[in-house]
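Notes to accompany the following structure.
There are 2 protein chains.
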Amino acid sequence: MNIEQFVAQSEGKWRSMRSGHSLAFQQFEEVLSEVNIERVEQTDQQIQSLLDSSSLDSSASIASPFRMSWAAESDWEPDDPNEVSSGACLIVPVPSNESTGRLLRSVGYAEAAPAESEYSFLSDGTFILQTQYEQSIAEERIWFVSDHVRCRSSVLRTSAGSGILQTSFASEVRRLNS
Amino acid sequence: MNIEQFVAQSEGKWRSMRSGHSLAFQQFEEVLSEVNIERVEQTDQQIQSLLDSSSLDSSASIASPFRMSWAAESDWEPDDPNEVSSGACLIVPVPSNESTGRLLRSVGYAEAAPAESEYSFLSDGTFILQTQYEQSIAEERIWFVSDHVRCRSSVLRTSAGSGILQTSFASEVRRLNS
Chain A
1 MNIEQFVAQS EGKWRSMRSG HSLAFQQFEE VLSEVNIERV EQTDQQIQSL LDSSSLDSSA
61 SIASPFRMSW AAESDWEPDD PNEVSSGACL IVPVPSNEST GRLLRSVGYA EAAPAESEYS
121 FLSDGTFILQ TQYEQSIAEE RIWFVSDHVR CRSSVLRTSA GSGILQTSFA SEVRRLNS
Chain B
1 MNIEQFVAQS EGKWRSMRSG HSLAFQQFEE VLSEVNIERV EQTDQQIQSL LDSSSLDSSA
61 SIASPFRMSW AAESDWEPDD PNEVSSGACL IVPVPSNEST GRLLRSVGYA EAAPAESEYS
121 FLSDGTFILQ TQYEQSIAEE RIWFVSDHVR CRSSVLRTSA GSGILQTSFA SEVRRLNS
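Rendered as structure tokens:
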């Protein structure tokens, strides 16, 4: 598996069931959402801005940039069970070689600022993404269990120690008829 | 990672938060449970019975047999939110080589009958377990995110086709003071 194949397989609309586990408080979160993954032209102006503001060489070779957007209905807020949260970010892979590289995101996952991650693939094609934020380190893994179903897990730990703050798991099913 | 190291790392008492996703119905399940993993003597009589009733040679070399027990409090049954389900099974690894082998279980995960699985390790030490049941195929993966936190996911698919029935994810934290 390389990043181009991974992005190609990920393109489309996904219906996501996501569970969050807050380990210290033993609390569960459940979120249903729709995730949309679309390729972006390599010449898109935002890509160059993201590269320019990153720690990477602004002429670095990129591969398969895409935009991910999501719209969620969460049960996390007891006062407003129907609150819809949504967002979008631009994601730009910068391969180092066939199986590893860096990944730039216009909005981070754990903290809402641009993020730089390192990615790699395990022996079975599982995609691994590690992101160092100011206060935390996130590890995400994504693997396809069929052409149209993928799983996504995340672990968030404190950057100071080895404390695990929370984990999450999403089951994502491709929407074929929309 | 080999099976002896994996079992050694898994031994102990774990507090588990588990989320189940029923994909067709988009239903979430949440279960809090305690999982206990204890080594069993290689000479335990039950081990030989399990081997004898398996498809393997009854003199096959085993490694690190253990007993897993669990006690869960589930929200799955709306009529009885405090129903406690519990169980135990004997698990007997039969390595083929350093990184793959078979695994016998006295009680299966998806169907309550003895089960034979194939296991292997990914390049980062993630443990992969595949079990063929009569009506379904289960794939479980277990990986340590620190010495005292491990993640466990499962995917259940129909054995006839590629339909994914359900997935689950557990975050397990070692109980150090008990």
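Line order of the protein sequences matches chains A and B. For what it's worth, our numbering labels the leading residue of the first sequence as 1, then goes sequentially. For what it's worth, our numbering labels the leading residue of the second sequence as 1, then goes sequentially. C-beta: ideal position from N, C-alpha, C; glycine also. Here the structure is a predicted model, which is why all the values come from computation and not from measurement.
The beta strand (DSSP E) runs of length 3 or more contained entirely in the region 7 to 83 of chain B are, from start to end of the chain, 12 to 22, 27 to 39, 66 to 74. For glycine 101 (chain B), the enclosing beta strand (DSSP E) begins and ends at 100 to 105. The three-state secondary structure of glutamate 134 (chain A), taken from DSSP, is coil. Excluding its 5 nearest sequence neighbours in each direction, leucine 56 (chain A) has C-beta neighbours in its own chain below 7 Å: Val94, Arg102, listed in chain order. Scanning its chain for C-beta atoms nearer than 8 Å, with the 5 sequence neighbours on each side dropped, one finds around glycine 87 (chain B) the residues Ser69, Trp70, Val107, in chain order.
By the rule that beta-carbons nearer than 8 Å mark a contact, glutamate 30 (chain A) touches chain B. Contacts between phenylalanine 169 (chain A) and chain B, judged by CB atoms closer than 7 Å, involve Ser19, Ser153, Phe169 in chain order. Sequence-distant Cβ neighbours of serine 58 (chain B) in its own chain, meaning closer than 8 Å and more than five residues away, are Gln48, Leu51, Asp52. Beta-bridge partners assigned by DSSP to isoleucine 3 (chain A): none are found. In this structure, the beta-carbon distance from serine 146 (chain A) to isoleucine 164 (chain B) falls below 8 Å. Shown here, glycine 163 (chain B) sits in coil according to DSSP, grouped into three states, outside any helix or strand.
Exclusion of the five residues before and after serine 16 (chain A) leaves Ser33, Val35, Ala170, Glu172 as the residues of its chain whose Cβ lies within less than 6 Å of its Cβ. Only Leu122, Ser123, Asp124, Thr126, Ile128 from the region 118 to 136 of chain A bring a Cβ to less than 8 Å from some Cβ of chain B. If you check the CB distance, tyrosine 119 (chain B) and leucine 129 (chain B) come in under 8 Å.
Under the criterion of beta carbons closer than 8 Å, glutamate 30 (chain B) and arginine 67 (chain B) do not qualify as touching, at roughly 26 Å. In the DSSP assignment, proline 114 (chain A) is bridged to no other residue. For the 8 Å CB-CB criterion, serine 136 (chain B) and arginine 157 (chain B) form a contact. Under a 10 Å Cβ-count criterion, glycine 161 (chain B) is classified as exposed, with fewer than 16 other Cβ atoms of the shown protein chains found around its own Cβ.
Taking all protein chains in view, the Cβ of glutamate 98 (chain B) is surrounded by fewer than 16 other Cβ atoms within 10 Å, so the residue is classified as exposed. In the same chain as proline 114 (chain A), and ignoring 5 residues on each side of it, the C-beta atoms closer than 8 Å to its own belong to Leu50, Ser53, Ser54, Leu104, Arg105, Ser106, Val107, Gly108, in chain order.
In the DSSP assignment, leucine 156 (chain B) falls within the unbroken beta strand (DSSP E) covering 149 to 158. Under the DSSP definition of a beta bridge, valine 145 (chain A) lacks any partner. Taking C-alpha positions only, serine 96 (chain A) is separated from isoleucine 62 (chain A) by approximately 10 Å.
Inclusion of threonine 126 (chain B) and leucine 122 (chain A) in the CB contact set at 8 Å is warranted, their separation being smaller than that value. Note on geometry: alpha-carbon atoms of arginine 141 (chain A) and leucine 90 (chain A) lie some 19 Å from one another. By the Cβ neighbour-count rule, phenylalanine 25 (chain A) is exposed, with fewer than 16 other Cβ atoms within 10 Å of its own. Valine 173 (chain A) has a beta carbon lying within less than 8 Å of a beta carbon in chain B. A direct Cα-to-Cα measurement between glutamine 45 (chain B) and serine 64 (chain B) gives close to 15 Å. In this structure glycine 12 (chain A) is not in contact with serine 168 (chain A), their Cβ atoms being roughly 21 Å apart against a cut-off of 8 Å. Between valine 155 (chain A) and glutamate 139 (chain A) the beta-carbon gap is near 5 Å, inside 8 Å, which marks them as a contact. At least one CB atom of chain B sits nearer than 8 Å to the CB of leucine 23 (chain A).
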